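To keep things clear, I will list the structure first and then write my remarks on it.
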Amino acid sequence: MYPISKLVVVALACIGGVVAAPAHVGVIIGYRTVSDVQAAMYKKAGTPVFDKPWGDTQIGEGVYLTAKGAGWPGGTKDSFCAISANPARLSSTKKAWIPETYGGKTLWKKLANIDAYIKSLDKTWDPASVLRLSRILGKETELQLLIPPKLLNQNGGGLGLTVTCTKDEKKMKNMPTIDWLNDSRWRTNVKGRMD
């Protein structure tokens, strides 16, 4: 008979094996509410795609995600999507928090100012290759993530992005909230401040 302490160690080792799954297994990085037309584009590509801005460009052009499933309300002609990425690649990707203002300049909706701000965080960073995080304008208690077009699979972005969409808003609302503030993958290679 094994003492309970050894059984706990074995159980933790088994759980650790699941946590240390191969790097190609994706982790959900955020959620997106899209039109059924855009969901069909995602399904065909197997990944989020960007062909034009579908809405506001608060912190740049690209694919905007919320931390909560169905974080944006949808209608009868909308779908609710979960976006996943390769966890190792996510950890190594540069990330920047974009505040509303910095150094007396407005950043939100001022793309040149946002790019200059990102370069001020690290002069070696290419703003087009940096994941961007911020509060949502008008919903300041909520956060958003922007994946710039250069980081999408269609442009060789390397994050290994995948997408799953559903018409079931309730199902998506029951998905886990992504913790961009505390999850270790989001605390690696990140600079800037929320506000």
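The sequence shown runs -20 to -1, 1 to 175 under mature numbering (1 follows the signal peptide of the UniProt record, and there is no 0). Beta carbons: idealized from backbone N, C-alpha and C, even for Gly. From a predicted model like this one, the values you see are computed outputs, not experimental measurements.
- Is it a yes or a no for the segment 78 to 89 touching the segment 52 to 63, going by three-plus beta-carbon pairs under 8 Å? no
- Around the Cβ of T27, are there at least 16 other Cβ atoms within 10 angstroms (buried) or fewer (exposed)? buried
- Query: Under 8 Å between the Cβ atoms of E142 and S59?
  - Reply: Looking at the sequence shown, residue 142 is not Glu but Thr. Not in contact: T142 and S59 (Cβ atoms no closer than 8 Å).
- Mind listing, in chain order, the continuous alpha helix (DSSP H) runs of no fewer than 4 residues lying wholly within the segment 14 to 42? 16 to 25
- Task: Figure out for me which residue from Q18, K151, L126 has the closest Cα to the Cα of G40.
- Result: L126
- Message: Applying the 10 Å Cβ sphere with the 16-neighbour rule, what's the burial state of residue 177?
- Response: No information on residue 177 is available, as it lies outside the stretch -20 to 175 that the chain covers here.
- Query: Run through DSSP, which three-state label would A1 get?
  - Reply: The predicted position of A1 is uncertain, since its pLDDT is 35 and thus under 50; no value can be drawn from it.
- Item | Contact check, I78 vs Y97, beta carbons under 8 Å | yes
- Which of the three DSSP states, helix, strand or coil, is assigned to E80? coil
- Task: May I ask you to report which of helix, strand or coil DSSP gives I158?
- Result: coil
- Buried or exposed: which applies to I158, given that a residue is buried once 16 or more other Cβ atoms fall within 10 Å of its Cβ? buried
- Which one of L161, G137, D102 has the shortest CA to CA distance from P128? G137
- Task: Sort out for me which residues DSSP pairs S59 with in a bridge.
- Result: V14
- Simplified DSSP state of R112, which is helix, strand or coil: strand
- Euclidean distance between Cα positions of L45 and K103: 26 Å
- L91 (DSSP reduced to helix, strand or coil): helix
- Residue(s) in a DSSP beta bridge with K85: Y82
- Message: With a threshold of 8 Å, are at least 3 pairs of Cβ atoms found where one atom belongs to the segment 163 to 173 and the other to the segment 13 to 28?
- Response: no
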